[in-house]
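Inspection log for the structure reproduced underneath, given as structure tokens.
Next comes the structure, spelled out in structure tokens:
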């Protein structure tokens, strides 16, 4: 085995981590490094293996094979609660029979702190999450948002190197979710510890993460900064999942300094060809929805798509215009509200969408 | 007025009415009779309406009263401890170690099989098993483990407690299982995550969260043992007598006022025990959780 390079506290190294349940493989040979002190979001549809991966890092599941290192220490088989991690449960999992102080103090209690000491620390932590005034209440007497703060306080009290959050915001209503979101981000930068946050909502991941890990079917589809994952998706799966992109699939019809692709229904699109593509090969491009122009009527040509407006959705700063084309693929354009209101479109209007070669992004998958 | 727009208070009063009427007629009134009877004078041959405290004075002065209460409370305490240990262990195993719900239900039903026959039959069927020439003694002798038959097996305190445990363990298992099954698995995991050991989880999470079940089971077992006379009769071979078996003797001799007085005392003691249990565990609050 090679020497482990110097690693920061809270750095997580996943080395070919696999987890099978009988016939089903939930996580397939995942290798990834999560930098110490970063905010990492794992995103994917339900059943993609993100929660299983999180639970393995927390020690609630043991990998079938592979290794997990935290801060340079091999914790693959270390006991839960003895690996510098703390997990915040989706359902909060507060102890129903203990008041808030004792709930938060529980990790210190099992670690052998005396009563006065742990209660003092717990109250400090409750103060930090603005719940000191409820310290003697039972969890059942709290609202969902308050319960979540308690869960957060309990997870943080033992000074973990890594905080694991399993869909922490999914049970909150929209305004509380946004508030909690920025609070999590603030807390993470204050504490400087690693946060790993599992979610299935893309804006949440984009808003919070230093690193986004997109998973599907137990493998990592792409890992990178939010900008990389959103703007330069590696596969059509990532492009579709992260949203904001139209994906057009077709075959390579011409190769040059600019290559051309053609969809089965004849739409032609240009793209900057990567090395090693061959004529006739299956391919796809992603086109940012907010970089596409719309004009009325039908104008055939390269890098344009004709169709009918099927729906328009007003979103405040932009309007999502969905276009039904001959291919039947989903195709949408995000127009600024100003553009849209200057030339309003209605369902059934004939339109042509046009974009430039620089706004297309070649996808391998 | 249709039931739908009836006030919810009226509606709940109506809902409890049938049971309340039944209990008043067939439990409340007879109990009241017993209390009244316990104050009637008795001259050894006949009793007549009146008011006297003699029955109580005699009862408290009698050594038999104290002895039978001591014996019964001892049975109750030993039986309670054993049924609690078995009930808690079995429930813990069913809830936390049997992963598949079907297996869990099957094993749980298995626990109820002894209840498919009457308590009297289950009590008496121990006799051919435990007797001097019973199956167990024969087996021990055949195996050469004992020279002669063990006498302590039948017609002894051992036999009484064994039968109680056999009869009443299920009354402990059911409520404890029910309380334990309600514990959120995530809560156990959260405790693990906080670094708790199995023992700490048992002590700080599982036992406190099962306390309603333990309290209810304890009430069942303690009241059943306190009110028993059949098992003591059959299994002690007349060597010990419980409160109720002594009471039964009084009744057989038509000493009704004495029997009534000791019944009132027994009710008071059992009520005190139940109150004490309910003081320790807030069953109402826990059940509504």
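Protein chains in written order, with our numbering: chain A, 1 to 365; chain B, 1001 to 1289.
Even glycine gets a Cβ: it sits at the ideal position worked out from N, Cα and C.
Hey, does residue i have any beta-carbon neighbour from chain A nearer than 8 Å?
i: residue 1175 of chain B; result: no
i: residue 1119 of chain B; result: no
i: residue 1282 of chain B; result: no
i: residue 1001 of chain B; result: Confidence is the limiting factor: at residue 1001 of chain B the pLDDT is only 48, short of 50, which leaves the residue's position unreliable, though a coordinate-based value still follows. False, the Cβ-Cβ gap to chain A never drops below 8 Å.
i: residue 1278 of chain B; result: no
i: residue 1272 of chain B; result: no
i: residue 1216 of chain B; result: no
i: residue 1186 of chain B; result: yes
i: residue 1196 of chain B; result: yes
i: residue 1021 of chain B; result: no
i: residue 1205 of chain B; result: yes
Starting from residue i, trace the beta strand (DSSP E) in both directions and tell me its first and last residue.
i: residue 197 of chain A; result: 194-199
i: residue 1146 of chain B; result: Note, residue 1146 of chain B: premise wrong, no beta strand (DSSP E); not H, not E.
i: residue 1227 of chain B; result: No beta strand (DSSP E) holds residue 1227 of chain B; DSSP gives it neither H nor E.
i: residue 351 of chain A; result: 350-354
i: residue 1157 of chain B; result: Here residue 1157 of chain B belongs to no beta strand (DSSP E); instead the alpha helix (DSSP H) covers 1157-1181.
i: residue 336 of chain A; result: 331-336
i: residue 211 of chain A; result: 211-216
i: residue 15 of chain A; result: 12-21
i: residue 219 of chain A; result: 219-224
i: residue 345 of chain A; result: Neither: residue 345 of chain A is in no beta strand (DSSP E) and is coded neither H nor E.
Report the three-state DSSP secondary structure of residue i (helix, strand or coil).
i: residue 320 of chain A; result: strand
i: residue 154 of chain A; result: helix
i: residue 1 of chain A; result: Reliability fails at residue 1 of chain A, whose pLDDT of 43 lies under 50, so the model's placement of it is uncertain and no value is given.
i: residue 258 of chain A; result: coil
i: residue 1206 of chain B; result: helix
i: residue 103 of chain A; result: helix
i: residue 1267 of chain B; result: helix
i: residue 1124 of chain B; result: helix
i: residue 284 of chain A; result: strand
i: residue 138 of chain A; result: coil
i: residue 76 of chain A; result: coil
i: residue 1001 of chain B; result: Because residue 1001 of chain B carries a pLDDT of 48, less than 50, the predicted location of this residue cannot be relied on, and no value is offered for it.
i: residue 1108 of chain B; result: helix
i: residue 1118 of chain B; result: coil
i: residue 300 of chain A; result: coil
i: residue 1089 of chain B; result: helix
i: residue 1047 of chain B; result: strand
i: residue 1243 of chain B; result: helix
i: residue 245 of chain A; result: strand
i: residue 1254 of chain B; result: coil
Hey, is residue i's beta-carbon within less than 8 Å of any beta-carbon in chain B?
i: residue 136 of chain A; result: no
i: residue 81 of chain A; result: yes
Note down, in chain order, every chain B residue with its Cβ under 9 Å from the Cβ of residue i.
i: residue 60 of chain A; result: 1189, 1192, 1193
Exposed or buried, which one is residue i when buried takes at least 16 other CB atoms within 10 Å?
i: residue 1101 of chain B; result: exposed
i: residue 1093 of chain B; result: exposed
i: residue 1 of chain A; result: Note on residue 1 of chain A: pLDDT 43, under 50, position unreliable in the model; the coordinate value appears next. Flag for residue 1 of chain A reads exposed.
i: residue 1152 of chain B; result: exposed
i: residue 358 of chain A; result: exposed
i: residue 1060 of chain B; result: exposed
i: residue 204 of chain A; result: buried
i: residue 3 of chain A; result: Per-residue confidence for residue 3 of chain A stands at a pLDDT of 49, beneath the threshold of 50, marking its modelled position as unreliable; no derived number is given.
i: residue 330 of chain A; result: exposed
i: residue 245 of chain A; result: buried
i: residue 1214 of chain B; result: buried
i: residue 267 of chain A; result: buried
i: residue 256 of chain A; result: exposed
Quick check on the DSSP output: the alpha helix (DSSP H) that includes residue i runs from which residue to which?
i: residue 1192 of chain B; result: 1185-1193
i: residue 1034 of chain B; result: 1029-1037
i: residue 375 of chain A; result: Any answer about residue 375 of chain A is impossible in this case: the structure gives chain A only from 1 up to 365.
i: residue 34 of chain A; result: No alpha helix (DSSP H) holds residue 34 of chain A; the beta strand (DSSP E) holding it covers 24-34.
i: residue 366 of chain A; result: Examination of residue 366 of chain A is not possible in this model, given that chain A is present from 1 through 365 alone.
i: residue 1060 of chain B; result: 1054-1061
i: residue 46 of chain A; result: Where residue 46 of chain A is concerned, there is no enclosing alpha helix (DSSP H), given that its DSSP letter is neither H nor E.
i: residue 115 of chain A; result: 115-128
Whose Cβ in chain A lies nearer than 9 Å to the Cβ of residue i?
i: residue 1200 of chain B; result: 109, 110
i: residue 1209 of chain B; result: 95, 96, 97
Can you pull the chain A neighbours of residue i, defined as C-beta to C-beta under 7 Å?
i: residue 1114 of chain B; result: None at all; the shortest Cβ gap to chain A is about 33 Å.
* **Members of the region 87-112 of chain A near chain D, C-beta cut-off 7 Å** => Note that chain D does not occur in the displayed structure, where the protein chains are A and B.
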